[in-house]
Amino acid sequence: MHSVAAHALDEIAGATGLDGLEAVRALYLGRGDGLLTIFRKQLGAVVDPQARRQLGQTVNELCERTAKALEERRAALEAAVRTRQLEIEALDLTRPAPRLCRGSLHPVTKILREVRRIFAQLGYSAASGPEIEYDRYNFTLVNMPPGHPSRETQATFFIDEWRVLRTQTSPVQIRSMIQHGAPQRIIAPGKTFRRDYDATHFPMFHQIEGLCIDEGVSLGDLKGTLEYFARSLFGPDRGIRFRPHHFEFTEPSLEVDISCMVCGGDGCKTCKHSGWLEVLGAGMVHPIVLRNGGIDPEIYSGFAFGVGAERLAQLLYVIEDGRLVYENDVRYLRQG
Ligand SMILES: [Zn+2]
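Numbering (the numbering used here), first residue to last: 365 to 700.
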């Protein structure tokens with residue numbers, strides 16, 4: 365009996381986990397067949413009362429000692445588990461912190477804000493119009509009546525017979541003329557849509573439309589304004605040049621080139637070795653358009669211009685494939 369108890373104490377001391385300890389308890393003190401429990405059950409078989417009492421006392425002592433050892437060992441093992449857990453969960457101030465990823469504005473968003481800021485300095489106020497636009501505003505009132513051939517060149521998304529996803533920001537001009545009359549100066553950045561998708565075209569893109577109407581506004585004013593804009597955005601050495609072009613809503617119409625900011629005008633890959641970059645369309649507002657906007661072309665004249673924000677982003681951040689602007693590659697997005 366004593367040797368069984370001694371074994372029990374040895375095994376308790378050697379138990380390394382709570383599960384192992386529980387197995388030792390069941391082996392020696394298990395309710396039905398524990399090795400020490402059995403001694404107690406057999407007490408009834410001892411005939412001599414005095415011997416039985418003595419034996420009972422010994423069995424009880426051994427059982428109590430074993431139970432106490434079990435309890436102490438359990439407490440020690442539980443404490444060890446808690447300590448280990450604390451060690452694992454401890455805050456180690458010497459470890460390197462996780463890398464912080466800073467967000468940044470999309471290059472096109474930055475361009476739109478910057479252009480608005482530049483023209484705000486010239487007294488232009490920001491204007492906007494609906495992206496789902498009436499055919500009438502998108503085409504007819506900017507001098508592209510039904511059946512006009514140039515409608516065909518703008519691959520249009522039609523909503524229904526009367527409405528389109530606007531193909532240009534020019535309808536904002538008409539809306540603003542009708543609403544505010546003359547004189548006025550507005551800058552209207554916004555989304556435009558065409559059924560185009562290749563290296564230089566995206567079905568959704570941003571145009572920035574500018575309009576200035578007053579008495580005696582001339583081509584010279586347009587040139588001065590665009591020069592100021594080009595220098596503010598691309599640096600003080602930029603020059604601009606006009607090339608005759610054709611738009612329905614302006615007369616005369618011009619394409620505007622900016623001297624290449626990559627090579628400074630000497631010729632490089634970006635400017636196809638011409639020294640100039642095609643950036644804007646512009647011109648004097650067509651008298652028909654002024655009249656459509658409720659403004660008398662006998663009194664007022666004005667100029668308008670339109671520029672692609674993606675094109676500006678492409679030039680400012682030197683991006684080869686314009687589609688990158690919308691592919692959400694963070695390596696590109698971080699460049700701005
Ligand atoms: Zn160049």
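For glycine and all other residues, C-beta sits at the position ideal for the given N, C-alpha and C.
A quick note: this is a predicted structure, and the numbers were derived from the prediction, not measured.
Inset, instruction - Within its chain, find whatever has a CB closer than 6 angstroms to the CB of Leu427; leave out the 5 residues flanking it on each side and keep chain order. - result: Note that residue 427 is Cys in the sequence shown here, rather than Leu. Excluding residues within five positions, the ones whose Cβ falls inside 6 angstroms are Leu400.
Inset, instruction - Report whether the distance from the Cβ of Thr634 to the nearest heavy atom of ligand 1 is below 7 angstroms. - result: yes
Inset, instruction - Within the same chain, show all residues whose beta-carbon is closer than 7 angstroms to that of Glu478, passing over the 5 residues directly before and after it, in chain order. - result: Leu597
Legend entry - Proximity of Phe503 and Gly574 at Cβ, strictly below 8 angstroms: no
Inset, instruction - Using alpha carbons as the reference points, say which of Ile572, Glu386, Tyr392, Asp374 lies closest to Arg480. - result: Ile572
Inset, instruction - Compute the minimum distance between the beta carbon of Val643 and the heavy atoms of ligand 1, and state whether it is under 7 angstroms. - result: no
Inset, instruction - With DSSP as the reference, please indicate the residues paired to Arg738 in a beta bridge. - result: Coverage of the chain is limited to positions 365 through 700, which leaves residue 738 absent and any answer about it impossible.
Inset, instruction - Please list, in chain order, all residues of the same chain as Ala491 whose beta carbon is under 6 angstroms from its beta carbon, the five residues on each side excluded. - result: Val536, Ser540, Ile550, Ala552
Legend entry - Secondary structure of Phe557, DSSP reduced to three states: strand
Inset, instruction - Tell me, please, which residues DSSP counts as bridged to Ile577. - result: Gln548, Gly666
Inset, instruction - Along the alpha helix (DSSP H) that carries Val528, what are the first and last residues, could you check? - result: Element bounds for Val528: not the alpha helix (DSSP H) but the beta strand (DSSP E), 527-529.
Inset, instruction - With Ile523 as the anchor, note down where its beta strand (DSSP E) starts and where it stops. - result: Here Ile523 belongs to no beta strand (DSSP E), and DSSP marks it neither H nor E.
Inset, instruction - Within its chain, find whatever has a CB closer than 8 angstroms to the CB of Phe593; leave out the 5 residues flanking it on each side and keep chain order. - result: Val479, Ile482, Phe483
Legend entry - C-beta contact flag for Val506 and Glu674 at 8 angstroms: no
Legend entry - Cα-Cα separation, Glu579 to Ser468: 42 angstroms
Legend entry - Three-way DSSP call (helix, strand, coil) for Phe569 in this model: strand
Legend entry - Any non-hydrogen atom of ligand 1 closer than 7 angstroms to Gly639 Cβ: yes
Legend entry - Collapsed DSSP secondary structure at Leu679 in the structure displayed: helix
Inset, instruction - Given a cut-off of 8 angstroms, decide if Gly493 and Gly658 are closer than it, judged by their beta-carbon atoms. - result: no
Inset, instruction - Tell me whether the beta-carbon of Tyr392 lies closer than 8 angstroms to the beta-carbon of Thr422. - result: no
Inset, instruction - Please name the residue, chosen from Arg404, Gly666, Glu436, that lies closest to Ala379 on a Cα-to-Cα basis. - result: Glu436
Inset, instruction - Taking only the alpha-carbon atoms, compute the straight-line gap between Pro510 and Leu644 and give it to the nearest angstrom. - result: 26 angstroms
Legend entry - is_contact[Thr531, chain B] using C-beta, thresh 8 angstroms: This model lacks chain B altogether; it includes just one protein chain.
Inset, instruction - Indicate, with yes or no, if ligand 1 has a heavy atom lying under 7 angstroms from the CB of Gly599. - result: no
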